[in-house]
Amino acid sequence: MKILVLNCGSSSIKYKLYDMDTKAVLSAGNVVRIGLPGAHLKLKVPFEKKVYHDIPNHEVGLELVFSLLTDEDLGAIRTLDEIDAVGHRIVHGGKFTESVELTPSVLKEWKEYSDLAPLHNPASLLGIEAISKKLPHLPQIGVFDTSFHQTMPDYAYRYAIPTKYYERYGIRRYGFHGTSHRYVLHRAAEFLGFDPAEKNVISCHIGNGASVCAIKHGKCVDTSMGLTPLEGLVMGTRSGDIDPSAILYIMDKERMTPREASDLLNKQSGMLALSGVSSDMAEIGKAAREGNKRARMANKIYNYRLKKYICAYMGVLGGADYILFTAGVGEHQWDMRRDSVAGLEFMGIKLDDELNRAAFGTEAIISAPDSKVTVAVIPTDEELLVAEDTLRIVQGL
């Protein structure tokens, strides 16, 4: 069975075509700058190539994807009829607790949560509608980033605000990166040889966006992101946790609108604001090594905030058996991993410096032999999990 996985952003479409008999990636690429000058498709598999094209909207972007999938020289399939289903990675699923077929009734209910993810959910809907128009016979499956976190108890997801706002608008903590946390948990169980239902795990998805998840006996009991992906850790351009009064003060002094304040917190803050260099951790690290004081301070804040969440979730879980690092920064930056758990030997966390330095984008144990908590690097593969969920649901239809 061949499954197309789509991840539609506000101005981008990431895609992968899988042969699920072998789990091989037949084609993969990224349509970027939709609706903007310089729009193009960056093909990654089976060849690396950039295809520039006028792409005013997602429908045209998907047409370009389809044309390349069936291209005589660059394509992976002869006709679109070879695609058996489409799986969509969707950021906000509201109260949906698992992946589902995107039937008209499901879509009607899901659309109610669009206001909670105004940059992401509308883009996913454009992708869903474009597929329905082009290939109406194909089953489409929604895999939600928020679903894995729906096992959080109410005392973990409720905010201390008047209940009427929770009841009217669903204002609560939902959590994100659930697709990644779920994949990493089960891949770690295979790699390290444990039963998730019997262990406590802290999963650290550390990339440009970052979150930590406390997993007790296979289920999420807390996570660092909240109503939106803004809450929690310091990220590439997101502020993470901040006193709301600080924002109200800035809005008052700068005469900011809510939209401008949201842009400040989501796109102008985080490591970009702290370092004054970049939102990219590799570039910030380079600047820090060259003596840039702001970059050094930014790294300290970044690692300190992560350490605080790890310690908090050790308390929530009553101790962890495993700590897992994943995503771009978590998989590739040994110094971040070192500094985020430095001094936590009293909690049973002890890294092996040589193993930690050697782990670069590969599955590896990086804790010392005498560490009570096993620390490992587990590269994430969210698209594969979407494809697997899609396969399971389609086979059950």
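For the sequence shown, the working numbering assigns the number 284 to the initial residue and increments by one for each residue that follows.
Ideal Cβ positions, reconstructed from N, Cα and C, are used throughout, including at glycine.
Only a predicted model underlies this, so the values are computations on that prediction, with no experimental measurement involved.
| Item | Value |
| --- | --- |
| Thinking T657 and Y605 are a contact (beta carbons under 8 Å), I'd like their distance in whole angstroms, please. | 5 Å |
| On the DSSP bridge assignment, give the partners of Q423 in chain order. | V369 |
| Just the C-alpha distance for T446 and G568, rounded to the nearest angstrom, thanks. | 44 Å |
| Please state the DSSP three-state secondary structure of F477. | coil |
| With distances taken Cα to Cα, identify the nearest neighbour of M435 among T380, A493, K633. | T380 |
| DSSP three-state call for E514: helix, strand or coil? | coil |
| Among R542, N582, S545, whose alpha-carbon lies nearest the alpha-carbon of S561? | N582 |
| Could you spell out the range, first to last residue, of the alpha helix (DSSP H) harbouring G568? | 564-572 |
| Ignoring anything shorter than 4 residues or poking outside the segment 612-674, list the alpha helix (DSSP H) runs there in chain order. | 617-624, 636-641 |
| Kindly indicate which residue of E342, V343, G344, E365 has the alpha-carbon position closest to the one of T353. | E365 |
| Give the single residue among V484, Y587, L347 whose Cα lies nearest to the Cα of G601. | V484 |
| Using the Cβ count rule (16 or more neighbours within 10 Å means buried), how would you classify K430? | The displayed chain sequence assigns Ser, not Lys, to residue 430. Buried: at least 16 other Cβ atoms inside 10 Å. |
| Determine the DSSP secondary structure at V308, reduced to helix, strand or coil. | strand |
| Three or more beta-carbon pairs under 8 Å between the segment 613-625 and the segment 586-599, yes or no? | yes |
| Identify whether S552 lies in helix, strand or coil by the three-state DSSP scheme. | coil |
| Assuming D237 and K285 are in contact, meaning their beta carbons sit under 8 Å apart, how far apart are those beta carbons, in whole angstroms? | Missing from the structure shown is residue 237; the chain here goes from 284 to 680 and no further. |
| Since A659 and A480 are thought to touch, with beta carbons under 8 Å apart, how far apart are those beta carbons, to the nearest angstrom? | So it is not a contact: roughly 19 Å between Cβ atoms. |
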